[in-house]
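A.B. asks: After the structure tokens below, expect a handful of questions from me.
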Amino acid sequence: MDHNKKTEDMDIPNVEGNLLQQPKEEKLPTRNPLMKVRTYVLALRPWSLSASLLPTLLGAALAYRLPGESGFSWCTLLLTLCTIIPVHGAGNVVNTYFDFVKGIDNRKSDDRTLVDHILSIDEVVSLGAILYLAGCASFVPLVILSPARMEHLALVYFGGLSSSFLYTGGIGLKYIALGDILVLVIFGPVSVVFAFLAQTGRVDWQIIYYAIPLALNTEAILHSNNTRDLETDSKAEIVTLAILIGRTASYLLYAFLLFTPYIMFVVASVRCSLWFLIPMLTLPRAFEIERRFRSPETMRYVPRQTARLNFYFGMLYMISCLFAYRLPFLLR
Numbered sequence: 001m002d003h004n005k006k007t008e009d010m011d012i013p014n015v016e017g018n019l020l021q022q023p024k025e026e027k028l029p030t031r032n033p034l035m036k037v038r039t040y041v042l043a044l045r046p047w048s049l050s051a052s053l054l055p056t057l058l059g060a061a062l063a064y065r066l067p068g069e070s071g072f073s074w075c076t077l078l079l080t081l082c083t084i085i086p087v088h089g090a091g092n093v094v095n096t097y098f099d100f101v102k103g104i105d106n107r108k109s110d111d112r113t114l115v116d117h118i119l120s121i122d123e124v125v126s127l128g129a130i131l132y133l134a135g136c137a138s139f140v141p142l143v144i145l146s147p148a149r150m151e152h153l154a155l156v157y158f159g160g161l162s163s164s165f166l167y168t169g170g171i172g173l174k175y176i177a178l179g180d181i182l183v184l185v186i187f188g189p190v191s192v193v194f195a196f197l198a199q200t201g202r203v204d205w206q207i208i209y210y211a212i213p214l215a216l217n218t219e220a221i222l223h224s225n226n227t228r229d230l231e232t233d234s235k236a237e238i239v240t241l242a243i244l245i246g247r248t249a250s251y252l253l254y255a256f257l258l259f260t261p262y263i264m265f266v267v268a269s270v271r272c273s274l275w276f277l278i279p280m281l282t283l284p285r286a287f288e289i290e291r292r293f294r295s296p297e298t299m300r301y302v303p304r305q306t307a308r309l310n311f312y313f314g315m316l317y318m319i320s321c322l323f324a325y326r327l328p329f330l331l332r
């Protein structure tokens, strides 16, 4: 009897599936909202956004020097930035999605947003859609304020928007060695022309000349990224310009993209204004990055370093255009 009593008095062990144990509510780990926002921001690859910011500012700077009938508008500039930068961010997110779906990104990739489950696929898709909608929402008041005709602005803007998706989505221009051409066009002439058109209501085709240095420098970012990922891209059976021409020719092309703008600035300083020598302040940094491009150990850092160079290079170039007394092909 004593033995049975002891058995009845024993504590019932707390094991999973015990019907007599009161179920405990599981506490799911909650993420700090600020950390979540930071995760979304990092998914946009903010270090690359200078590629769209600077051509927009350059186009606005040229419009400031050559204003239209209504003059220069800071509000129009702000709306222009709010239409272009979200689309660039959305394009980066689309790139993240399709690189993951196609099996290109892995744990050694620079962008591991989906590989490391930092964001879910649904979150990435939603983020891209929100950014495209934000860009389009800003486009509406821009059309109202800008002296340009709506159809002209829409042609340039939605051409750029669709290109940001088609880079890796749809036909995937990146995967058939056409991504480099797209970057040269979109982050050069198209962005500069759009910003200039939004301010002045007209297009002076000579401003495309001013887009060339930024376009080449921006393409250097992409080309260094593709050269770094040459082996992984080959295994994924996609084709980039770096794969087609090989590592040695890729180095020569990178050097051409990096240093040609400086040659253009020297020529412009001799023929027009010494203000165009200001971007030469970034030349020592360009040589340092070029040396790192040649070394396999430091190659992985080159794309981000080139993007940082692009920012300072572009800002100094914009200052040159603002203060130069003479502008090649525009002001004599």
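Going by the UniProt record's numbering, the sequence shown wraps up at 332, each residue one higher than the last. For each residue, glycine too, the CB sits at the ideal point set by N, CA and C.
1. May I ask you to list the residues that DSSP assigns as paired with residue 239?
2. Using the C-alpha atoms, what's the distance from residue 37 back to residue 263?
3. Looking only at its chain, what residues have a beta carbon closer than 6 Å to the beta carbon of residue 325, apart from the 5 residues adjacent to it on each side?
4. Rounded to a whole number of angstroms, what is the C-alpha to C-alpha distance between residue 40 and residue 284?
5. How big is the Cα-Cα spacing for residue 156 and residue 261?
6. So, at 8 Å on beta carbons, what are the nonlocal neighbours of residue 143 in its own chain, with the 5 sequence-adjacent residues on each side left out?
7. So residue 168 and residue 98 are in contact, right, with Cβ under 8 Å, and what is the actual spacing, rounded?
8. Would residue 146 and residue 197 be called neighbours here (beta carbons separated by less than 9 Å)?
9. Pick helix, strand or coil for residue 232, following the three-state DSSP scheme.
10. How is residue 99 classed by DSSP in three states: helix, strand or coil?
11. With distances taken between CB atoms, is the gap from residue 54 to residue 310 smaller than 9 Å?
12. Return helix, strand or coil for residue 68, following the three-state DSSP convention.
13. Can you tell me which of the three DSSP states residue 128 falls into?
14. Considering only residues of the same chain and omitting the five flanking positions on each side of residue 226, which have a CB-CB separation below 6 Å?
15. Do you know whose CA, among 252, 322, 205 and 161, lies nearest residue 329's CA?
16. Report the residue from 178, 223 and 46 whose alpha carbon sits nearest the alpha carbon of residue 251.
17. Can you tell which of 293, 269, 211 and 42 has the C-alpha that lies nearest to the C-alpha of residue 248?
18. For the pair the segment 77 to 86 and the segment 123 to 142, tell me if three or more CB-CB distances fall below 8 Å.
19. I need the straight-line Cα distance from residue 117 to residue 229, nearest angstrom please.
20. If you run the structure through DSSP and keep just helix, strand and coil, what is residue 190?
21. Who are the Cβ neighbours of residue 289 in its own chain at under 7 Å, not counting the five residues just before and after it?
22. Locate the alpha helix (DSSP H) running through residue 289, then write down its first and last residues.
23. For the candidate residues 170, 208 and 176, whose alpha-carbon lies nearest to that of residue 187?
24. So, under 8 Å CB-CB, residue 281 and residue 61 are touching, yes? Tell me the CB distance rounded to an integer number of Å.
25. Apart from the five residues just before and just after residue 195, which ones in its own chain have a Cβ nearer than 6 Å to its Cβ?
26. For residue 121, does the count of other Cβ atoms within 10 angstroms reach 16, so buried, or fall short, so exposed?
C.D. replies: Quick answer:
1. As a position in the sequence shown, residue 239 is number 239, starting the count at 1. Paired residues: 176.
2. Your numbering for residue 263 matches position 263 in the sequence shown. Your numbering for residue 37 matches position 37 in the sequence shown. So the alpha carbons of these two residues sit roughly 42 Å apart.
3. Taking the sequence shown and counting its residues from 1, the one referred to as residue 325 is at position 325. Once the five neighbours on either side are set aside, the close Cβ partners of residue 325 are 273.
4. Residue mapping note: residue 40 aligns to position 40 of the sequence shown, counting from 1. Residue mapping note: residue 284 aligns to position 284 of the sequence shown, counting from 1. The alpha-carbon atoms of residue 40 and residue 284 are separated by roughly 34 Å.
5. For this step, residue 156 is matched to residue 156 along the sequence shown. For this step, residue 261 is matched to residue 261 along the sequence shown. One C-alpha to the other measures close to 25 Å.
6. Residue numbering aside, residue 143 sits at position 143 when the sequence shown is read from its first letter. The answer, listed in chain order, is 150, 153 and 154.
7. Here residue 168 refers to the residue found at position 168 when the sequence shown is read from its first residue. Here residue 98 refers to the residue found at position 98 when the sequence shown is read from its first residue. So it is a contact: roughly 4 Å between Cβ atoms.
8. Here residue 146 is taken as the residue at index 146 of the sequence shown, counted from 1. Here residue 197 is taken as the residue at index 197 of the sequence shown, counted from 1. Yes, they are a contact pair.
9. As a working note, residue 232 is residue 232 in the sequence shown. Three-state DSSP puts residue 232 in a helix.
10. On the sequence shown, position 99 is the one that residue 99 refers to. The answer is helix: DSSP assigns residue 99 an H, G or I state.
11. Position 54 of the sequence shown holds residue 54. Position 310 of the sequence shown holds residue 310. Contact flag set, yes.
12. On the sequence shown, residue 68 is found 68 positions in, with the first residue counted as 1. In the structure shown, residue 68 sits in coil (DSSP, three-state: anything other than H, G, I, E or B).
13. Within the sequence shown, residue 128 is the residue found at index 128, counting from 1. Helix.
14. Here residue 226 corresponds to residue number 226 of the sequence shown, with the count starting at 1. Excluding residues within five positions, the ones whose Cβ falls inside 6 Å are 240 and 242.
15. Taking the sequence shown and counting its residues from 1, the one referred to as residue 329 is at position 329. Ranked by how close their Cα comes to the Cα of residue 329, the residues 252, 322, 205 and 161 have 205 in first place.
16. Taking the first residue of the sequence shown as position 1, residue 251 is located at position 251. Ranking the options by Cα distance to residue 251, first place goes to 223.
17. Counting from 1 along the sequence shown, the entry for residue 248 is found at position 248. Answer by Cα proximity: 293.
18. yes
19. Working through the sequence shown from its first residue, we reach residue 117 at position 117. Working through the sequence shown from its first residue, we reach residue 229 at position 229. Spanning the alpha carbons of residue 117 and residue 229 requires a straight line of approximately 21 Å.
20. Locating residue 190 in the sequence shown gives position 190, where the first residue counts as 1. Helix, per DSSP.
21. Counted from its first residue, the sequence shown places residue 289 at position 289. 302, 305, 306 and 309.
22. As a first step, residue 289 is located in the sequence shown; it is residue number 289 there, counting from the start. Looking at the DSSP string, the run of the alpha helix (DSSP H) that includes residue 289 is 283 to 294.
23. Numbered from its first residue, the sequence shown carries residue 187 at position 187. Among 170, 208 and 176, the Cα nearest to that of residue 187 belongs to 208.
24. As a first step, residue 281 must be located in the sequence shown, where it is residue number 281. As a first step, residue 61 must be located in the sequence shown, where it is residue number 61. Not really, about 18 Å apart at Cβ, beyond 8 Å.
25. Here residue 195 corresponds to residue number 195 of the sequence shown, with the count starting at 1. Same-chain partners within the cutoff: 56, 59, 60 and 80.
26. On the sequence shown, position 121 is the one that residue 121 refers to. It counts as exposed.
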